[in-house]
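Take the position in the sequence shown, starting the count at 1, then add 2; the result is the number in the working numbering. Even for Gly, the Cβ is constructed at its ideal location relative to N, Cα and C.
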Amino acid sequence: MQTVLFTSTIFGPIHSRRLGTSLGVNLMPADGKVCSFDCLYCEAGFNAQGAGKAGLPSRETVRVLLESRLADMKEKGETLDVITFSGNGEPTLHPDFAGVIDDTIELRDRYFPDVKISVLSNSTRIGRKEVDEALKKVDNNILKLDSAFDSTVAIIDRPNDPTYSVARIVERMKRFDGHCIVQTMFLRGSHDGKIIDNTTETEVNALADLYVQIAPEEVMIYSIDRKTPAEHLEKVSRDELDRIAGVFRSRGIKVQVAG
Numbered sequence: 003m004q005t006v007l008f009t010s011t012i013f014g015p016i017h018s019r020r021l022g023t024s025l026g027v028n029l030m031p032a033d034g035k036v037c038s039f040d041c042l043y044c045e046a047g048f049n050a051q052g053a054g055k056a057g058l059p060s061r062e063t064v065r066v067l068l069e070s071r072l073a074d075m076k077e078k079g080e081t082l083d084v085i086t087f088s089g090n091g092e093p094t095l096h097p098d099f100a101g102v103i104d105d106t107i108e109l110r111d112r113y114f115p116d117v118k119i120s121v122l123s124n125s126t127r128i129g130r131k132e133v134d135e136a137l138k139k140v141d142n143n144i145l146k147l148d149s150a151f152d153s154t155v156a157i158i159d160r161p162n163d164p165t166y167s168v169a170r171i172v173e174r175m176k177r178f179d180g181h182c183i184v185q186t187m188f189l190r191g192s193h194d195g196k197i198i199d200n201t202t203e204t205e206v207n208a209l210a211d212l213y214v215q216i217a218p219e220e221v222m223i224y225s226i227d228r229k230t231p232a233e234h235l236e237k238v239s240r241d242e243l244d245r246i247a248g249v250f251r252s253r254g255i256k257v258q259v260a261g
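Okay, here's the thing in C-alpha cells:
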C-alpha cells in the first residue's frame with residue numbers, strides 16, 4: 003500500500019510544479035497520516051495506514067527545525083521561492099496551526115524576506131476563526147475544491163465528515179474576499195466499482211460557476227503526477243487541462259495549469 007512520503011517535519015527544498023523551489027513543512031506525524039479527507043490520489047497514501055506513534059510536532063519543535071534549516075540555507079547562499087505547508091495530512095488540523103504560522107512569518111522575514119508562505123489545505127477547517135485568521139496572513143492560501151458536486155467529492159476526496167457540503171465550503175471560501183487560490187485535481191478512472199471523471203462538461207461548467215462566486219486570486223488545475231494509493235486512476239493530459247483552462251478563462255478566471 004502507498005504510504006507516507008514525508009518522514010520529517012521540515013523537508014526539501016523540492017521543486018513544485020505550481021510554486022517553484024519549495025521548503026516543505028509537515029505538521030502531521032513523520033510516521034503516519036492524519037487527515038480530514040482520504041483522497042484516492044493522495045501521494046501520502048490512505049488514512050488506513052494510521053497516525054503512527056510519533057505524534058504531531060510541537061509548535062516549538064517546528065520553529066526550531068525551521069529556523070535551523072533557513073539559517074543553514076542562508077549561510078550557504080541557497081535560493082528559495084516558497085515555504086509550503088503540506089505533508090502527511092491536513093496542516094490546519096494541528097492544534098497550534100495559527101501560532102506556527104506566526105512563527106513562520108517571523109522567521110521568513112528574518113532569513114528570506116522575499117519568500118512566499120503557502121498553505122495547501124483541503125478547506126475542511128476554514129470557518130474556524132483561528133484558522134481563517136492564520137490563512138489570511140499567508141501569501142498563498144491554497145484551498146482545495148475538486149468538484150461542485152457532493153457526490154463527486156464523496157468518491158474522490160472521501161471526507162471524514164458525513165455532513166460535508168460543497169455549498170457550505172464555497173460560502174466559507176467567499177469570506178476570504180479573494181485572498182485565496184483554489185486548487186482542483188482533474189482525473190478519471192474507477193474505484194470500488196464507481197466511475198470517476200470530473201472532466202465532463204457538466205463538472206467543468208459547475209466548477210466555473212463556483213469559481214466565479216469565490217472570485218479567487220487564481221485557480222490552479224493539475225492532474226496525477228505520482229503513484230496513487232487507488233490503482234485505477236488516469237492522468238488527464240496537458241492538452242485536456244489546457245482545454246479545461248480555456249473554459250474557465252472564458253469566464254474571466256485566472257488559471258495556472260500544471261501539466
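- Between the segment 74-81 and the segment 124-136, the count of Cβ pairs shorter than 8 Å is below three; the stretches do not touch.
- Straight-line spacing of the CA atoms in D244 and P161 works out to 28 Å.
- Annotation: R174 to R240 spans about 31 Å, alpha carbon to alpha carbon.
- The beta carbon of D199 is closer than 7 Å to those of R190 in its chain, skipping five residues each way along the sequence.
- If you draw a 10 Å sphere on the C-beta of N207, you find fewer than 16 other C-beta atoms in it, and that means exposed.
- Of K256, L29, A232, the smallest CA-CA separation from D98 is found for L29.
- Per DSSP, the beta-bridge partners of M222 are Q185, Q258.
- Taking all protein chains shown into account, K146 has 16 or more neighbouring C-beta atoms within 10 Å of its C-beta and is therefore buried.
- Burial check for T154: the Cβ neighbour count within 10 Å reaches 16 or more, so the residue is buried.
- Residue nearest to V214 within the set G101, S38, D179 is D179 (criterion: CA-CA distance).
- Under DSSP, E236 shares a beta bridge with R190.
- Pairing S252 with E205 gives a Cβ-Cβ distance that is not under 8 Å.
- Burial is judged here by how many other beta carbons sit within 10 angstroms of a residue's own beta carbon; I255 has at least 16 and is buried.
- No Cβ-Cβ contact shorter than 8 Å links D194 with V168.
- Note on the segment 60-95: whole beta strand (DSSP E) runs with a minimum of 3 residues are 84-88, in chain order.
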